[in-house]
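Participant: In mature numbering (1 follows the signal peptide of the UniProt record, and there is no 0), the protein residues as written are -22 to -1, 1 to 126.
In this text, a Cβ means the ideal position worked out from N, Cα and C, and glycines have one as well.
Since the structure is predicted, the reported quantities are computational estimates derived from the model, not experimental observations.
Take this structure first; my questions come after.
Now the structure itself:
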């Protein structure tokens, strides 16, 4: 015995069955817009060795901002457990696509705790220079190991 469905119900079921197939795109060669946007997000606009070396060097500090396209890394305040009355905050800027000594800049802020209040304090110029040297050395090592 065969059951006949009303015409409106059977056409509705047919439409419901075909809609998912229509969403497949019918073999269109166009990439979905979401894929294009995702691929642009991962593009690194600065030297990849300097970027990786900067992230590795500052990996112990909490990050506030990392912008690989603009080449900026901003850390949050970090207090060394060995000197809890002092804290530092860093900004690293990668300025070029090339691996050069002048392609990385580090800016540092330092505060000391005086009577429960954090007060700005000077940063030794050698501290910033040393961080730049560490990043450059790591970047050169990464490049050497990648080339073979």
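Skipping 5 residues on each side, what residues in its chain have a beta carbon closer than 6 Å to that of residue 40?
Facilitator: So the list reads 54, once near-sequence residues are dropped.
Participant: With a CB to CB cut of under 7 Å and the five nearest residues on each side skipped, what residues in its chain are close to residue 114?
Facilitator: Within the same chain, residue 114 has close Cβ partners 79, 82.
Participant: Are the Cβ atoms of residue 106 and residue 99 separated by less than 9 Å?
Facilitator: It is not a contact, given that the beta carbons lie outside the stated cut-off.
Participant: Which same chain residues, not among the five before or five after residue 51, have their C-beta less than 6 Å away from its C-beta?
Facilitator: Contacts found: 32, 44, 70.
Participant: Measuring straight from C-alpha to C-alpha, what distance separates residue 126 and residue 25?
Facilitator: Taking the straight line from one Cα to the other gives about 18 Å.
Participant: Alpha helix (DSSP H) containing residue 30: first to last residue?
Facilitator: 26 to 35 is the extent of the alpha helix (DSSP H) around residue 30.
Participant: Going by other Cβ atoms of all chains shown within 10 Å of its Cβ, with 16 needed for buried, is residue 49 buried or exposed?
Facilitator: It counts as buried.
Participant: Let's see if you can read the secondary structure: which residues bound the beta strand (DSSP E) around residue 89?
Facilitator: 82 to 92 is the extent of the beta strand (DSSP E) around residue 89.
Participant: Could you give the C-beta distance for residue 56 and residue 120, rounded to a whole number, given that I count them as a contact under 8 Å?
Facilitator: About 24 Å separates the two Cβ atoms, so there is no contact after all.
Participant: Which residue marks the beginning of the alpha helix (DSSP H) containing residue 119, and which one marks its end?
Facilitator: Looking at the DSSP string, the run of the alpha helix (DSSP H) that includes residue 119 is 103 to 125.
Participant: How big is the Cα-Cα spacing for residue 29 and residue 94?
Facilitator: Taking the straight line joining both Cα atoms gives about 36 Å.
Participant: Count the other C-beta atoms from every protein chain shown that fall within 10 angstroms of the C-beta of residue 117, then say buried if there are 16 or more, exposed otherwise.
Facilitator: Result: buried.
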